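First up is the structure itself, then whatever we jot down about it.
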Amino acid sequence: MSTEDFSIGRKPAQVRLWHYGMPLAIVVTCIGLLALALVQLTDIARTMRVDAPSNMLWVISQAEVEALRTQNALTTARLAGWDAASREALGVRYDLLMSRLDLLSNGPQLRSLAELGIADTIVSYQDKAKSFDPRLKPLAEERAPQFADLLSGLRGELNRSANRQMVAGWENLSSQFDRYRETVSQVIASVIGVLLGAMLLGWQIVSGKQSLLRAEEARLRTIRLEHELKGVRATARYYRDFASVVSHQFRTRLAIIDSAAQRLIIGGKLPNLPALEERRSLIRQTVTRLTGLVDAALMAGRLDHGAVNLHATVCDLSELALDIRDEFQRGVPERTIAFDKPDGPLPVCCDPSLVSHIIMNLIDNALKYSPPDRPISVRFETADDRCGCTISDFGSGISDADLPHIFDRFRRGQDRKDAQGAGIGLWIARQLAELQGGTVTVSNKAGGGAAFTIWLPASARGEAGIEDTARPEGMRP
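Residue 552 in our numbering sits at position 45 of the sequence shown; the count goes up by one each step and never skips.
Okay, structure coming up:
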């Protein structure tokens, strides 16, 4: 199962559109309808406010009342013999009537009369009434009947206009209420739509996030399982390689011991003393190699499990290397181990037991791959805040293909398959050096052979901090 199967944001565009586009479209549409409904409500309210002060029914009824009052004033004047008081009262009523007619013949009232189809008729009555203005020409008995007939006709026309206006007003009001009711229904539907769309969109978002969280959890779980699987495979490969290498090395050394033991007695007779000593020495060397192999395997296991105890102190790297060189020289007196002693102490902060293990491993490695008649050298150098001990051999060196992998576990050069060793010594050496804040490097020499250098951090206390740190007993090459 690949981790890409659970990558976030890999949903198809159609799925994303269905999950988020549709609810969002519903919300936007409902918001648009809600805005339109609010505009319509505002327009209806404004229309109703404008219609209220210009209510035609009230204006027409007032004009009709004034026409009736003027007609009554005319009748009173005729009965009173056209005295001054009756004439004055008739003039006042006439002025009020003309003011009502002027109100009808201007502005929104005239437009309303035009919609009813009676505007021209009312204007015509108004023009005729102007000819009976008592201030321009006093009314006489002979003109009174004509004025009375005009007022009667005007009253009848105003009465019919009032009826028409009342019917039209009710119809208009009913239409406005219908629009208002439809608009309110639209507002309610839009609000419900917005709420439903928002709820759907929220549900889709929450559902999508939950799906993403589940996918992320599955992805992380897959990565963890793959990592654990790699660890299991690496462990299995390690034990497989370890078993293969160790079994081969053990068989080889046990075969040497068995062969040497069998040759102790040749033809039922014991060999002479030199031959016996040679076989004894061979058996001891082989047992020592087996012990070193077991120690290396145990050290590798301790490194894998972080069980290496570090006891750091300040010691002289050159003196520590000199002790190890002398022990090797006593063990293999026929080999030459050149030692280039530095001018002064090289104080380093390290665990002398672990550093001794590293240097012994590197010297043993140099002796193994250097010709018997060629020496190996031990020299020292400093760089910045580090001190280094370099062990060089005069063998064939390390091939370019093997050089980047020389510190890998169970890695042995292609041209060194016949050499002794399990292929974990250099790996252990670098791991132990890095555990102390240092490292082990390698390079091929120009004149042939390889040079391994262990670098350790120099002590800030200098020579004054150097302690007597004899190499622990039990460490063997």
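Glycine included, C-beta positions come from ideal geometry on N, C-alpha and C.
All of these numbers come straight from a predicted model, not from anything done at the bench.
Only exposed fits Pro-645, as fewer than 16 other CB atoms lie within 10 angstroms of its CB. For Gly-902, no beta strand (DSSP E) segment is defined, and its DSSP state is neither H nor E. Rounded to the nearest angstrom, the gap between the Cα atoms of Ala-967 and Arg-832 is 26 Å. Contact check for Gln-943 against Cys-857 passes: the beta carbons are separated by less than 8 Å. When Cβ pairs closer than 8 Å are counted between the two stretches, the region 533-540 is seen to touch the region 696-705, the count reaching three or more. Asp-823 sits buried, since 16 or more C-beta atoms from the chains shown fall within 10 Å of its C-beta. Pairing Gly-676 with Leu-564 gives a Cβ-Cβ distance under 8 Å. In this structure, Gly-956 sits near Gly-902, with a CB-CB distance shorter than 8 Å. Counted as a single uninterrupted DSSP element, the alpha helix (DSSP H) harbouring Glu-573 occupies residues 563-586.
The alpha-carbon separation between Leu-680 and Leu-623 amounts to approximately 16 Å. One Cα belongs to Glu-648, the other to Arg-585, and the distance between them is close to 7 Å. Membership of Glu-826 in the alpha helix (DSSP H) is indicated by the continuous run 824-838. With respect to the C-alpha of Thr-820, the residue from Ile-844, Ser-860 and Phe-835 having the closest C-alpha is Ser-860.
Nearest Cα to Arg-600 within the set Tyr-632, Thr-577, Thr-742 and Ser-568: Thr-577. Non-local C-beta neighbours of Phe-914 in its own chain, meaning closer than 6 Å and more than five positions away in sequence, comprise Leu-933, Trp-934 and Arg-937, ordered along the chain.
For Asn-868, the enclosing alpha helix (DSSP H) stretches over residues 859-876. Our two residues, Leu-608 and Ala-591, have alpha carbons roughly 26 Å apart in a direct line.
Between Thr-690 and Gln-547, the C-beta gap is smaller than 8 Å, which places the two residues in contact. In chain order, Gly-904, Ile-905 and Ala-957 place their CB closer than 7 Å to the CB of Asn-951, counting only its own chain and leaving out the 5 sequence neighbours on each side. In the structure shown, the three-state DSSP call for Arg-886 is strand. The three-state reading of DSSP puts Ile-961 in strand, counting E and B together. Shown here, Asn-951 sits in a strand according to DSSP, grouped into three states. In the DSSP assignment, Ala-845 falls within the beta strand (DSSP E) that extends over 844-846. The three-state reading of DSSP puts Gly-660 in helix, counting H, G and I together.
Residue state for Pro-852 is assigned as coil, using DSSP reduced to three classes. In summary, Arg-688 is exposed, with fewer than 16 beta-carbon neighbours lying within 10 Å of its beta-carbon over all protein chains present. Shown here, Val-821 sits in a strand according to DSSP, grouped into three states. Cys-537 has no beta-bridge partner at all, per DSSP. Boundaries cannot be given for Glu-841, as no alpha helix (DSSP H) includes it and DSSP labels it neither H nor E.
If you look at Arg-618, you'll find it in the alpha helix (DSSP H) that goes 614-623. Shown here for Ser-612: same chain residues with a beta carbon closer than 7 Å to its own, the five before and five after excluded, namely Ile-629, Val-630 and Gln-633 in chain order.
For Leu-604, the closest alpha carbon among the candidates Leu-581, Ala-621, Leu-545 and Thr-549 is that of Leu-581. For Trp-934, the enclosing alpha helix (DSSP H) covers residues 932-942.
With 16 or more other Cβ atoms inside 10 Å of its own Cβ, Thr-960 counts as buried. Here Arg-744 carries a helix assignment [DSSP, helix/strand/coil]. Assigned with DSSP and collapsed to three states, Gly-700 falls in helix.
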